[in-house]
Amino acid sequence: MPNALSIVVPVYNSEQSLPLLVAALSEAFTDYGAPIELILVNDGSRDQSWAVVQDLAARHAWITGIDLMRNYGQHNALLCGIRAAQHAIIVTMDDDLQHPPAEIHKLLAKLEEGYDVVYGTPQKEHHGLLRDLASQVTKLALQSAMGVQSARNVSAFRAFRQEVRKAFANYNSPYVSIDVLLTWGTTRFAAVAVEHAPRRYGKSNYTLRKLIAHTFNMVTGFSVMPLQLASLLGFTFTVFGIFIFLFVIVRYFAEGGSVPGFPFLASIIAIFSGVQLFSLGIIGEYLARMHFRSMDRPAYAVKYQTNPSEGEVS
């Protein structure tokens, strides 16, 4: 008998695609043979998405709707839905129909091989050039926390065992990266190739700016790599300064005079000042993270939740 399944979908301005998503899930899991729940987390949508979620939850007993107080971001909404999930296996996917529900079975089959987390890696992504570039930058940032191979396969289409969430059950911060949090609970990651459908309605809400901001928050919030970079830069330019000093001394004794010219001195001062300000900026970012965490600011706040789902897919 298959494991009971919780499917978590963050919802943002997707009133048109939600009914189609539910219909596709119903078709894919009609004969699944185990309880299934769909958790739709409305992340402060500006259209009628929440009204659609309420209607779907009223018509389908296996659907639960959660309405957040405001827009917190995709990963924060996912964290909310993951914590609300009741079943043994949790699947996360987007609300734009680019993750075909039928492909979930591939993730579940791979999970049965003994892995704890399985990513659905698109065979061919249907994004723009800038979006693809930003995604690659995000994956590079993830490498420090997840390892090269795992980070390369990261996507929003993932399946994992409920036990993994115990590792971040007490996590409470406005800066959330589900992929990094999953590494707190396991190292058994895998990936399978899945189809990636073209977006049917509208355009992606994940702009280049948002992806870069998420990458920056992820690196400074879950890694000490920037601090290590600052230390490396400091060491490098200290060595550079020593060589400059030796150059001045050698020239003084060899030619009987010092290195002439204000531009040389000004350039050296500008370089070292820039490195110092860069390093101070990195330290300031970490202090800001500590400040926000000391405020105990939550990752999300729930405004309303429909009745928890029960029963089979219908």
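Residue 317, in my numbering, is where the sequence shown stops; the numbers in between run on with no holes. Just so it is clear, CB atoms sit at the ideal spot from N, CA and C, and this is done for glycine as well. What you are looking at is a predicted structure, and each value in this text was computed from that prediction instead of being measured.
Cα-Cα separation, residue i to residue j
i	j	result
His102	Leu290	38 Å
Arg292	Thr186	20 Å
Ile85	Gln231	33 Å
Lys54	Leu28	First, the residue type needs correcting, since residue 54 is Ala and not Lys in the sequence shown. The straight-line gap from Cα to Cα measures roughly 20 Å.
Leu59	Leu81	19 Å
Leu100	Ala170	30 Å
His129	Gln19	Because the pLDDT of His129 is 49, which lies under 50, any placement of that residue in the model is unreliable, and the number read from its coordinates should be weighed accordingly. Cα to Cα, the separation comes out at about 19 Å.
Ser276	Val251	20 Å
Leu111	Phe160	12 Å
Gly188	Thr33	32 Å
Val151	Val253	Residue placement at Val151 cannot be trusted, given a pLDDT of 47 that sits under 50; the coordinates are not used to answer.
Ser234	Phe281	11 Å
Gln57	Ala172	27 Å
Arg300	Ile107	34 Å
Phe246	Glu258	18 Å
Identity of the residue in the options nearest residue i by Cα
i	options	result
Asn45	Asp34, Ile66, Ile39	Ile66
Met96	Leu185, Ala172, Ala257, Ala162	Ala162
Val120	Ile69, Ile181, Asp99	Ile181
Lys109	Leu283, Tyr307, Ala196	Ala196
Tyr75	Gln57, Phe256, Tyr178, Phe281	Tyr178
Leu236	Ile39, Gln279, Ser52	Gln279
Glu166	Arg191, Ile247, Arg62	Arg191
Ala88	Ile69, Asp98, Ala194, Glu106	Ile69
Ser52	Leu21, Gln77, Arg73, Ile39	Leu21
Ile274	Val12, Phe240, Ala257	Phe240
Residue(s) in a DSSP beta bridge with residue i
i	result
Thr124	Ala196
Thr67	Ile42
Pro13	Val44
Leu1	The question about residue 1 has no answer, for the chain in this structure spans 4 to 317.
Beta-carbon proximity check, residue i vs residue j, cutoff 7 Å
i	j	result
Arg49	Asn79	no
Tyr118	Asn156	no
Ala31	Pro104	yes
Ala26	Ala7	no
Pro201	Ile285	no
Tyr307	Cys83	no
Ser176	Ile93	no
Leu43	Val14	yes
Gly47	Leu24	no
Val305	Ile39	no
Below-7 Å beta-carbon distance, residue i vs any chain D residue
i	result
Val253	Absent from the structure: chain D. Only one protein chain is present.
Start-to-end residues for the alpha helix (DSSP H) that takes in residue i
i	result
Val56	52 to 62
Val25	21 to 31
Lys169	Run containing Lys169: none; DSSP gives neither H nor E here.
Ala87	77 to 87
Enclosing beta strand (DSSP E) for residue i [first to last residue]
i	result
Arg191	Where Arg191 is concerned, there is no enclosing beta strand (DSSP E), given that its DSSP letter is neither H nor E.
Ala162	161 to 164
Val316	Element bounds for Val316: n/a, residue is neither H nor E.
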